[in-house]
Amino acid sequence: MLSTNETTLDTLKPGDKAKILKVRVKGSSIRRKLFDMGIVAGSEIQLIRRAPLGDPLEFKIKGYNLSIRKMEARDIFVQVLE
Amino acid sequence: MVTKGENMKMKAHSKMLLAFLLGCSYIIAGTIQSSTGIIRILSGKPITSGLPHIITEALYIPHDILSGLILILLGTVFIYGFMELCQGIEEGIAYVYVGTLLAMIFAGIYLLVTTGNILEAYLLKNEDFIGWTPLDDLRPEIYLGFVSLIAYAKWKKQFDVKNE
Amino acid sequence: MLEDNNKIKVALAGNPNVGKTTLFNAITGSKQHVGNWPGVTVEKKSGFTKYKGYDIEIVDLPGTYSLTAYSMDEIVSRNFIIEEKPDMVIQIVDASNLERNLYLTTQLMELETKIILALNMCDLATERGDKIYLNKMEEMLATPIVKTVASQEKGINHLLDKVIEERNNDQHHGHEIGYGDEIEEKIFEIEKILANDTEITEKYPLRWMSIRLLEGDENIKDKVNKSSVASKINDVLDSIDQEEYEADIADKRYSTINIIFPQICTRANQVLTKSDMIDRVLTNKYLGIPIFLSLMWGAFELTFAFATPFMDMIEIAFTWLAGMVSTNLQPAWLASLVGDGIIAGVGSVLIFVPNIFILFFLLSLLEGSGYLARAAFIMDRLMYKIGMHGKSFIPMLMGFGCNVPAIMAARSIEDDRDRLITILVVPFVSCGARLPIYILFAGTFFGRQAGTVIFAMYVLGILVAVASAKLFRLTVIKGKPAPFIMELPPYRVPKLKSALIHMWDNGAMYIKKAGTIILLGVTIIWILASFPWGVEYGSESSYVGIIGHLFEPFLRPLGFDWRISVALVFGFVAKEIVVGSIGVLFGVGDNQEALSQSLLADPGITPLNSMSLMVFSLLYMPCVAAMSVIKKETGSWKWTIFAILYGVAVAWIMAFVVYQGGKLLGY
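In structure tokens, the structure reads:
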């Protein structure tokens, strides 16, 4: 319940579901793009897989598949859902 | 319920068998294709005699490293699916499905290449193509691809089984 | 007046990958016009259709997820809606992905334009078991909705009926999103200030503009800063925490959608779809990259093997034409201009048309199937390391076939700097036209090692491209590649019609180039090779020969004499001409065997010279066709000239190192 489940998006394991808490990505245009793609607080997100070379990551959010680099995922705070 | 379950199992079995057989065929053909390709390059001359010659003539296998590697890759995709299905992972069917798709794509590519050669030989009467017949272009990619096509046509509906 | 009444201007908006192009093609058929939006290299497509006595013009806006000014596409789209005031906007909505699609709808509504939603891909959604309550949706969004299946051209007439109905409907409706008390208060405050400026009130929807300002939209801020109310607006904006507002506003839009969504749609339980299944295999940790490479290899095999007979046909046609001209045309100089100059020159460039058509056709199939996005996904890590974006990989790869379509394919890269770098390094990728040069010289001078030498040329090209990308990132185009925030669309069976249209558009563009810039280029070369009057074509005493001598001191340190210099000048038209002109200059014409013999016999050409020549030919300059598309795609002479000079500089240095280094080592 508490902060034990809190982590950043890049640390999820494939299959993990999480709820987005805060988007702290630097750079307003990148942040806005993330918002546009549905990365907003409260959204549910699931890590599907990592690319064959380990980066970027593929997520399922709002019913579609989205890919983001680890670098941006690192600044997105989430709560892991059981 | 029981019958349906049984039915599903049987289908899974036949797909496993298909994956295994196609996987092995592709890997064997690919290995021969690549290794004769290596021999050809190392020796610096075409292979015209001996066991490799007899085998490759009989099976219409060209002597080419790269396309041989692709055959091995296709075989690996099928075997990957076979192994997952063996472990009871249902999603393994995805590998069989994509394997047949890829097999058909490569068969299509070589059929189009043959079409191009037919144009060269019979329409343009290119000197390089004297004595060439379409049969010269027959290769494992094409005839094994037809096996995949038949399997795909037969199982087209069932590959969608997850959508139910 | 009456005439005007029959005209309807419709903008087509929507997310990428929702079938927008398919719908556009279905409505307009072949009556399309492709061009660029003024001032930017974003493609603008418009088309016409006549329906029930109305002339309907459809403008296809770029596919966007939003209108928040993240990219040029978004700015172009919203400027069109605001400034050109189309009668209405049709938004294509992917029924199988309503939530994200409705996000764009909420933004379109704020632009205060009439909207019709075309609910597309209903077949996919129903197949999946989703249920959409159309009446409820129309009511909640207060917007007319039409079901379409663009891929089967279903619902098109119904949609056009609705367009006419809306045209004659003066009532304006639309759903407005409430952003909560605090934000609404600010919106109201800004709206009031903006209302004092008549120029702004005439042009822009005030509420929309206020929201954009609160979200920190630079593009809108610039506009306001030029107005009479700039200082007052800035006072208000300085008093708020922009970042907080930005997040809250996006949040509010999605939460509004979250309230509406469950009432208009029940989604079937998420199961593993066919697309997910395919993705498991194609992006598999171990199999993903080999499968990708094998598909690319297959594409090239097809491009070249299948194109060969068509290339032969073109060659036969042009040879016949040149023969006709040289025997029948009088006077002789005109026959030479048309035969040796124009027909030979244009022919040598047009011979690549089959390659280009096939490459574009395959590229379009890859894109339509959804695999292109996966290719970028798979390769991004590697590309990022060399300062490029995952999306740059495909254009670079296409460069091995022909640099021209490769440079054009860089359009798929949204970020301007990423795209520029890609365009600038593609010419170093060794295209098919350079192969004859390697075959001649490596074959003549390196015997059994010829294969290795040719392979080394390809590797050198790649290394120079990679090193240049790195160098540009550190100097002229500073910064990191754009973030990789990309949708991976579901796999679909690509549409043949779309692929053919795409192929034709791009192929036709290339042919048009051949008709203009390339024609000019070959004419200039012909004049240089034929004058002063009376000299033998391309001989030592012609202007080309004189230029060759002029360049000789510059090229001497690389081991080239005047004849090679001349051949390199010709090579600027198309690199495959290099071999032909060397043949002419060595007095043996087209016969490769004889050319090999005379090269071997010539004391001026050693294996080292030929190595240096191969390196120089690989790198020195894009051909006329490539240069003209660089100009077109960058829209800048500055970068075009930079590309040429940089190429020549790199080629000179590398060839110098090879030649002088080789000499030092005693070769």
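Residue numbers (our numbering), protein chains in the order written: chain A, 844 to 925; chain B, 92 to 255; chain C, 457 to 1123.
Glycine residues also receive a C-beta, built at the ideal position from the N, C-alpha and C atoms.
Measuring straight from C-alpha to C-alpha, what distance separates residue i and residue j?
i         : j         : result
Gly907/C  : Pro1063/C : 15 Å
His1005/C : Ser997/C  : 10 Å
Phe480/C  : Ile571/C  : 16 Å
Arg414/C  : Ile1086/C : Outside the modelled stretch of chain C, which goes from 457 to 1123, sits residue 414/C, for which no answer is possible.
Glu943/C  : Ser910/A  : 6 Å
Ile1109/C : Pro851/C  : 26 Å
Gly91/B   : Met107/B  : The structure shown does not extend to residue 91/B, since chain B spans only 92 to 255, so no value can be given for it.
Arg848/A  : Arg912/A  : The sequence shown places Asn at residue 848/A, not Arg. About 22 Å.
Could you please give the first and the last residue of the uninterrupted beta strand (DSSP E) stretch that includes residue i?
i        : result
Asn908/A : Tyr907 to Ile911
Glu513/C : Tyr510 to Asp516
Asp550/C : Met544 to Asp550
Ser502/C : Glu499 to Tyr507
Kindly list, in the order they appear in chain C, the residues whose Cβ is closer than 7 Å to that of residue i.
i        : result
Gly207/B : Ala761, Phe762, Thr764 and Pro765
Phe197/B : Gly754
Which of the three DSSP states is assigned to residue i in this structure?
i         : result
Met959/C  : helix
Asp874/C  : helix
Arg556/C  : helix
Met752/C  : helix
Glu671/C  : coil
Ile1020/C : helix
Leu693/C  : helix
Ile571/C  : strand
Lys463/C  : strand
Lys253/B  : Note on Lys253/B: pLDDT 42, under 50, position unreliable in the model; the coordinate value appears next. In the structure shown, Lys253/B sits in a helix (DSSP, three-state: H, G or I).
Ser522/C  : coil
Asn591/C  : helix
Lys247/B  : coil
Asn473/C  : coil
Ala861/A  : strand
Cβ closer than 8 Å: which chain C residues qualify as neighbours of residue i?
i        : result
Glu211/B : Thr764, Pro765 and Asp768
Tyr117/B : Neighbours of Tyr117/B on chain C: none; closest Cβ ~12 Å, over 8 Å.
Do we get a CB-CB distance below 8 Å when we pair residue i with the residues of chain C?
i        : result
Ile288/B : Because chain B is modelled from 92 through 255, residue 288/B falls outside the range shown and cannot be assessed.
Thr167/B : yes
Tyr186/B : yes
Glu218/B : no
Leu150/B : no
Leu877/A : yes
Val921/A : no
Met844/A : A caution first: Met844/A carries a pLDDT of 46, below 50, which makes its placement in the model unreliable, though a value can still be read off. No, no contact with chain C.
Arg912/A : yes
Glu915/A : yes
Tyr171/B : yes
If the cut is a Cβ gap below 8 Å, which residues of chain B does residue i touch?
i        : result
Trp753/C : Leu157 and Ile161
Leu738/C : Val189
Pro937/C : Here the premise fails: no neighbours, minimum Cβ distance about 30 Å.
Met852/C : Under the 8 Å cutoff, chain B gives no residues; its nearest Cβ is about 20 Å from Met852/C.
Identify the continuous alpha helix (DSSP H) that holds residue i and give its terminal residues.
i        : result
Leu853/C : Phe849 to Met854
Met528/C : Met528 to Asn535
Ile538/C : First-last for Ile538/C: undefined, no H or E at that position.
Gln719/C : Gln698 to Ile720
Lys936/C : Per DSSP, Lys936/C belongs to no alpha helix (DSSP H) and is neither H nor E.
Can you confirm whether residue i, when its beta carbon is compared against all beta carbons of chain A, has any partner nearer than 8 Å?
i        : result
Leu944/C : yes
Gly470/C : no
Leu693/C : no
Gly824/C : no
Answer with yes or no whether the minimum CB distance from residue i to chain B is below 8 Å.
i        : result
Glu992/C : no
Ser750/C : yes
Met457/C : Bear in mind that a pLDDT of 41 at Met457/C, under 50, signals an unreliable position, so the number given afterwards is only what the model happens to contain. It does not: the Cβ of Met457/C has no partner Cβ on chain B nearer than 8 Å.
Any heavy atom of the ligand SAH closer than 7 Å to the beta-carbon of residue i?
i        : result
Phe197/B : For the structure depicted, the ligand SAH is absent and the ligand set is empty, with no information on it obtainable.
Starting from residue i, find everything on chain B with Cβ-Cβ shorter than 7 Å and list it in chain order.
i         : result
Glu1049/C : Near Glu1049/C there are no residues of chain B at all, since even the closest Cβ is about 15 Å away, more than 7 Å.
Met733/C  : Glu182, Ala185, Tyr188 and Lys253
Residues of chain A with CB closer than 7 Å to the CB of residue i, please, in chain order.
i        : result
Lys741/C : Pro895
Gly744/C : Pro895
Report the neighbours of residue i on chain A: residues whose CB is nearer than 9 Å to its CB, in chain order.
i        : result
Ala703/C : Lys865, Val866, Arg874, Phe878, Val883 and Ala884
(request) Identify each residue in the region 887–910 of chain A for which the Cβ-Cβ distance to at least one residue of chain F is less than 7 Å, and report them in chain order. (result) This model lacks chain F altogether; the protein chains it does include are A, B and C.
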